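Residue numbers (the numbering used here), protein chains in the order written: chain A, 6 to 498; chain B, 21 to 799. Each residue gets a CB set at the ideal place from its N, CA and C atoms; glycine is no exception. Note that this is a predicted model, so its numbers are computed, not measured. For reference, the structure discussed in these notes is given below.
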Ligand SMILES: Cc1cc2nc3c(=O)[nH]c(=O)nc-3n(C[C@@H](O)[C@@H](O)[C@H](O)COP(=O)(O)OP(=O)(O)OC[C@H]3O[C@@H](n4cnc5c(N)ncnc54)[C@H](O)[C@@H]3O)c2cc1C
Ligand code: FES
Ligand code: FES
């Protein structure tokens, strides 16, 4: 048992005994350390002003990830290197990304700038990124700037971020690796008392035991949902159990039959495998949150959170995903759609937690499509998200799995439409009408700030039509605006 | 790619002015060492203030306020209500009606009722939500229609009228009419509202405030505390963005911090939570615009009738100037022979709408572009041809408010250059080809002009002061009434002063705007920051320099033209002396090395009452060409390419000006596309965080984005180094994006005018598409 957290900052090991269960990294920096370079713009993970970098060892390699410190719990940086904007310049000699930001006039009011600098710092250290405007904008879509219009920041990134890293961090990478290896231990972490603590078990059994003992504790994976309960809803969450140190929970295993995703696998680490299952999943994954959110947020958390507007559940349901749960009582598995009982209610027993999920690979006679509709392409919550898997034999749909987000109180299958489409002919659009019509009886969507009920319904039907048009090949050349956007990027490059 | 401006293109051998130098704080920005108010070291014992409000109430009478649980919450030191205000409980900029703390009524969703003062911000936030406030509800007035029905306004109606629009309409060969809604906009400055107040001896108050208008903060705090203005000092070194949202809207938080500081005797800080900030502060005005236009079959406008119905919110705030500016820009760049342009300033039970970059101008111009597009669609002509046909020219050059458009040639030249560089006509063919080939995706193209009047339309605000000291080591202290919010004002003024003194920029010390150094200042607004403050600073520097020249002439028995200031030196005929030495000598000779410069914009004669005279010193011009693609099944939209040509006169700093243009365009594009403010049926703002309110990201800026500064002969008016203001005009470049979306929708049904409202979210686009389809004879 360890009753401290330990991390690296500025080449030194920092060990903290006093770690509040809900204390954020941003508050630690600004209030405790009075290091005010890192800014708060929103306190909810959406603006990137608070971006800091975390260095961790991944397969022995030192990897820097941008994270939103406003919703990151202090305890979650255990075992990592924390890099903030103050750490970059060496004796007032600017870091290459800082120098480029100055040279290209990348700051105006400057309030977003430390966050951008840190995002660019992680891009500077990223391995094997192809140099393109798209790579940059994808990387910084989680950093909002209200002043510059971004062009100079993108230019600065293109100029500075794509050569081999040559900075104090790369010079001392070996040393950092050694220090990080030393910090990695397999002791359980428990800081606090039994009624108020931050803890981080090192094993699944340890977790099962601790959670069994404290079923009222809050489980935290990436904290991209839980963080907001703290900063925005001001919830009292005295008992915090972070799952980030449990060996094996971060696994992502691809096989011909599908992909196994551990509960701590992030959007980032699952992206390649998902993209390989279906290109549409790759597109969807890239549109979830931002680089920062994807570096922390887990697929397991997206499911466990049970939100009706989470992006992964509809896609995973359409693909026939199975969810695995575990507790000190044992394990069980269930079809993902069965997990979502009602708004805010999931089939999860006291002391039970998610260990992983299995996503079957579509077979050769199955076609999969999914579409996310939101006001903004990047880092926005869907107003409607539609996912479709059709099994097609000899031009006839023999099985349909359709699920939507944003259309009901839970991610939900369109059972009427699925039935109505079974038997539809791919080359005869007139046989699709019944399915389109049936959607009307599958959902009663709501009106909210993201979209009206009418728009949601219309769009849900449009997405189904789109999937059928694309799969059947009856669509004109290109029917996705996103593809035009990509082409624009390529043309300008 | 954007081609950087070649500074050798610009006239004049200058050392600092016209150089693309970095922002004065650029290095501090990237290192995280630029200090914003929340970053300042806190005095020992600093307390934190969080505003509390009735979280469900929209409009109603306060029945009871129970703050017991707030008071007993951990860390709470005091809880303040309206009763604790020693002076006048008002933080309005001009007309009154903005209580710092609510008295008996809730006037809008988010009105502050009390303030918690606690040992930490977290403790104060947790305490604030424990209040129990009972409100007896009154049915709120929310929409323009509600307000018209109730006939309730915050200010009297106003209008411009020329000729006889009625006769014009009758004489016109065709008449079209329509109505459009234009949404508001949240400023979303990255640094939220913040102020820190430190009590001083004998009733004084030092207020650090993130404001565009320190003088107004000073006056507000004095008024609220009931002390003379002279007892209060307001200071701001920099804001993390303002955009108009910290013009009047900063007052309340500075007042609350000061009130708490007065009450507790400790330094007190208010830093709003982002959601509170978005709920409590005013936004860009949203409008319904009803329009009618008479034109001839060649597309020439005969008569215009426009009514602008603005939701001003619960109080007047800056709505007078904002709505006047809407009228001043309802012509965009077009000549209206006969016109009636009316404005109603509707009172609604919503937050009080306020200044926002463009200050009402963008809404006026967008409505004008809608009318032009309508004519083009109806006549099945290209909108660009209709635009050019109606441009002001040598004969038809009087605006509806009687000011001549003197630089119409700049407008014509700029647009024709852009037409060429954007390859408009070939791309029009490509767009048509694309649209006939694709049944689902449609492209649209538009090229729109910008003409923006520069000056405050409230005449007295067109003045500025600066305070410049030359020290005996040759370094210069620079202070002026303008504030720095990222627009590079401090840098530009420093360049001007360095030029004037012939010193290197490192000798010029830029200092925080402070009401005790330069008093009675105007807000940094109306794009006038550089025009006014750089002039005042130049005047001050020139005065000190003049004294040195006089001194040297006497000492060396030479004429003034023998003396030159350059490279931190003073050249007297063939000799040179370090400036420090000359400064020392002058000091010994008892010559004052400090001067308060003053500048008032000449030639402004606007009289609002009679709606006559000249409101603007000059106009700034620009043009943008945008191409978009929309999905007619889902309403999704992407901006494919944007070309911009913008007139900044002779730029003082081309890099900073380019930044204003690009940033202004992006902000305008957000306003017209993804940024949607949604109030629910009860009148509660539902989009009060970046999770629900979406400003553009880097990926929304088109990859093909070409921005150029117009190479002209400089400002014909004698502005500082013949530059032109650049803060606001670029916002309206984004009208091209909106018009291009409209163009794409219109392609679905030639001859039919789409009813696209702003912002053009996917849902708004789908609505317009479906509306158009429902009108089309079914195919
Ligand atoms: C700025 C921003 C943008 C976002 N954009 C999107 C988006 O585009 N699309 C989208 O779908 N979502 C989006 N999200 C939400 C998304 O990031 C989360 O839903 C995320 O997937 C949750 O994962 P996490 O690891 O962060 O979970 P946490 O926040 O740590 O936990 C989420 C919930 O799951 C529970 N939990 C976590 N792990 C387990 C487990 N193993 N067993 C049982 N319960 C567990 C927690 O107790 C909590 O209830 C966004 C969030 C932010 C902040
Ligand atoms: S402060 Fe906005 S993302 Fe953290
Ligand atoms: S520089 Fe102001 S928000 Fe980016």
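Through-space distance from residue j to residue i, alpha-carbon basis
| i | j | result |
| --- | --- | --- |
| residue 31 (chain B) | residue 522 (chain B) | Reliability of the predicted coordinates at residue 31 (chain B) is poor, the pLDDT of 49 falling under 50, and no value is obtained from them. |
| residue 115 (chain A) | residue 266 (chain A) | 40 Å |
| residue 516 (chain B) | residue 262 (chain B) | 23 Å |
| residue 490 (chain A) | residue 451 (chain B) | 15 Å |
| residue 252 (chain B) | residue 239 (chain B) | 8 Å |
| residue 190 (chain A) | residue 480 (chain A) | 56 Å |
| residue 326 (chain A) | residue 207 (chain A) | 27 Å |
| residue 25 (chain B) | residue 251 (chain A) | In this predicted model, residue 25 (chain B) has a pLDDT of only 41, less than 50, meaning its place in the structure is not dependable enough to derive any value. |
| residue 462 (chain B) | residue 786 (chain B) | 13 Å |
| residue 288 (chain A) | residue 639 (chain B) | 46 Å |
| residue 311 (chain A) | residue 293 (chain B) | 27 Å |
| residue 437 (chain A) | residue 422 (chain A) | 10 Å |
| residue 59 (chain B) | residue 270 (chain B) | 18 Å |
| residue 166 (chain A) | residue 733 (chain B) | 39 Å |
| residue 300 (chain A) | residue 229 (chain A) | 10 Å |
| residue 23 (chain B) | residue 420 (chain A) | With a pLDDT of 40 at residue 23 (chain B), under the threshold of 50, the modelled position of that residue is not reliable, and no figure is offered here. |
| residue 579 (chain B) | residue 570 (chain B) | 9 Å |
| residue 21 (chain B) | residue 412 (chain B) | Unreliable placement is indicated for residue 21 (chain B), whose pLDDT of 39 sits below 50; the coordinate value is still reported in the next sentence. Distance between the alpha carbons of residue 21 (chain B) and residue 412 (chain B) is about 32 Å. |
| residue 208 (chain B) | residue 750 (chain B) | 18 Å |
| residue 197 (chain B) | residue 326 (chain B) | 10 Å |
| residue 625 (chain B) | residue 429 (chain B) | 24 Å |
Residue span of the alpha helix (DSSP H) that contains residue i, given as start and end
| i | result |
| --- | --- |
| residue 510 (chain B) | 509–521 |
| residue 758 (chain B) | 755–766 |
| residue 408 (chain B) | 403–410 |
| residue 608 (chain B) | 599–608 |
One or two residues paired with residue i in a DSSP bridge
| i | result |
| --- | --- |
| residue 155 (chain B) | B:82 |
| residue 377 (chain A) | A:390 |
| residue 66 (chain A) | A:63 |
| residue 525 (chain B) | DSSP lists no partner for residue 525 (chain B). |
| residue 350 (chain A) | A:347 |
| residue 358 (chain A) | A:331 |
| residue 699 (chain B) | B:705 |
| residue 229 (chain B) | B:215 |
| residue 180 (chain B) | B:361 |
| residue 418 (chain B) | B:424 |
Interface residues of chain E facing residue i [CB-CB closer than 8 Å]
| i | result |
| --- | --- |
| residue 489 (chain A) | Of the protein chains in the structure, A and B, none is chain E. |
Any non-hydrogen atom of ligand 5 within 6 Å of residue i CB
| i | result |
| --- | --- |
| residue 125 (chain A) | Only ligand 1, ligand 2 and ligand 3 can be found as ligands here, which leaves ligand 5 out of the picture. |
Host beta strand (DSSP E) of residue i (start-end)
| i | result |
| --- | --- |
| residue 664 (chain B) | 657–666 |
| residue 614 (chain B) | 614–620 |
| residue 134 (chain B) | 132–138 |
| residue 639 (chain B) | 638–651 |
| residue 198 (chain B) | 194–202 |
Residues, ordered as in the chain, of the stretch 264–281 of chain B that lie near chain A by beta-carbon distance below 9 Å: none
Near-chain B residues of the stretch 45–65 of chain A (beta-carbon distance less than 9 Å), N- to C-terminal order: Answer set for the stretch 45–65 of chain A: 45, 46, 47, 48, 49, 50, 51, 52 and 54.
Selection of the stretch 32–43 of chain A by Cβ proximity to chain B, strictly under 9 Å: 32, 35, 36, 39, 40, 41, 42 and 43
Runs of beta strand (DSSP E) wholly within the stretch 192–262 of chain A (minimum 3 residues, chain order): 194–198, 201–205, 223–225, 244–247 and 257–260
Positions along the stretch 195–223 of chain B whose CB lies within less than 7 Å of some CB in chain A: 208, 209, 210 and 211
Beta strand (DSSP E) segments (min. 3 residues) lying fully within the stretch 76–114 of chain A: 86–88, all fully within the stretch 76–114 of chain A.
Alpha helix (DSSP H) segments (min. 4 residues) lying fully within the stretch 474–513 of chain B: none
4-residue-minimum alpha helix (DSSP H) runs that sit fully inside the stretch 402–458 of chain A, ordered along the chain: 420–426 and 438–447
Residues within the stretch 55–73 of chain B neighbouring chain A, beta-carbon criterion of under 8 Å: Flagged, chain order: 55, 56, 58, 59 and 61.
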